[in-house]
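In my numbering, the protein residues as written are 419 to 631. Even for Gly, the Cβ is constructed at its ideal location relative to N, Cα and C.
Given below as structure tokens:
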């Protein structure tokens, strides 16, 4: 009871609180307008103003801000916002956030983590075609090196994962909404020139990767 009265008194003595609510609502309208017009830099500036006047950010607003950061190339802040959005109770934005985290991991040349994010996305929302396409494509682009002379013990050790040259043409046709053709081609070049290692075992390597979710 006393706590309730305290809050009433606090609000009455702090008109700035109500002003901030009105200001936040106005800024949200500005943000949504800028975002819908694909003015992502402007969206980010407005979002940062909202952060300054309010500690509580609407999940939908935070999710759109993640997209804005991503589209401007700020993958660090985009990752932070997507990490928050992936825990949303709604399956659609949660799975989309995981798919975006997979793309960011792929851009950072971490195909292992990317596949894991795509897999998580599909577990939450099997109908998300973007995540399914990304998962299947990257699964085909990477395959473990095999050596018939290796002993069973050696086969359980870390294996190098290399880009599959045969899939280069398929990757050049990558049409994900979140990666432009130029980024996709650059990504392929980076992946071909870097060696990525993952820890895998013989049992897991024999599974049908397209059904591993």
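Can you tell which of the options has the C-alpha that lies nearest to the C-alpha of residue i?
{"i": "residue 539", "options": "560, 527, 525, 511", "result": "511"}
{"i": "residue 442", "options": "465, 451, 454, 521", "result": "465"}
{"i": "residue 528", "options": "560, 514, 488", "result": "560"}
{"i": "residue 509", "options": "556, 541, 471", "result": "541"}
{"i": "residue 456", "options": "440, 439, 473, 489", "result": "489"}
{"i": "residue 459", "options": "551, 546, 485, 439", "result": "485"}
For residue i, which residues of its own chain have a beta-carbon under 6 Å away from its beta-carbon, when the five flanking residues on both sides are left out?
{"i": "residue 516", "result": "504, 535, 538, 539"}
{"i": "residue 519", "result": "500, 535"}
My guess is that residue i and residue j are in contact by the Cβ rule of under 8 Å, so how many angstroms apart are they, rounded?
{"i": "residue 506", "j": "residue 544", "result": "Between residue 544 and residue 506 the Cβ distance is about 17 Å, and since that is not below 8 Å, they are no contact."}
{"i": "residue 522", "j": "residue 496", "result": "6 Å"}
{"i": "residue 482", "j": "residue 453", "result": "5 Å"}
{"i": "residue 471", "j": "residue 487", "result": "That belief does not hold up - the Cβ atoms of residue 471 and residue 487 are roughly 20 Å apart, past 8 Å."}
{"i": "residue 524", "j": "residue 498", "result": "That belief does not hold up - the Cβ atoms of residue 524 and residue 498 are roughly 18 Å apart, past 8 Å."}
Using the beta-carbon count (16 or more within 10 Å), is residue i buried or exposed?
{"i": "residue 577", "result": "The predicted model places residue 577 with a pLDDT of 42, which falls under 50 and marks its position as unreliable, so this point remains unresolved."}
{"i": "residue 514", "result": "buried"}
{"i": "residue 526", "result": "exposed"}
{"i": "residue 494", "result": "exposed"}
Spatial neighbours of residue i within its chain, please: C-beta separation below 8 Å, excluding the five flanking residues on both sides.
{"i": "residue 468", "result": "442, 445, 446, 449, 475, 479"}
Starting from the C-beta of residue i, find all residues in its chain whose C-beta is less than 7 Å away, skip the five residues before and the five after it, and write them out in chain order.
{"i": "residue 502", "result": "480"}
{"i": "residue 533", "result": "553, 556, 557"}
{"i": "residue 531", "result": "523"}
{"i": "residue 440", "result": "none"}
What would DSSP say about residue i, mapped onto helix, strand or coil?
{"i": "residue 559", "result": "helix"}
{"i": "residue 539", "result": "helix"}
{"i": "residue 546", "result": "coil"}
{"i": "residue 526", "result": "coil"}
{"i": "residue 477", "result": "helix"}
{"i": "residue 442", "result": "helix"}
{"i": "residue 507", "result": "coil"}
{"i": "residue 492", "result": "coil"}
Nearer than 7 Å: is that true of the beta carbon of residue i relative to any heavy atom of the ligand GTP?
{"i": "residue 519", "result": "What this structure holds is no ligand at all, so the ligand GTP is not there to describe."}
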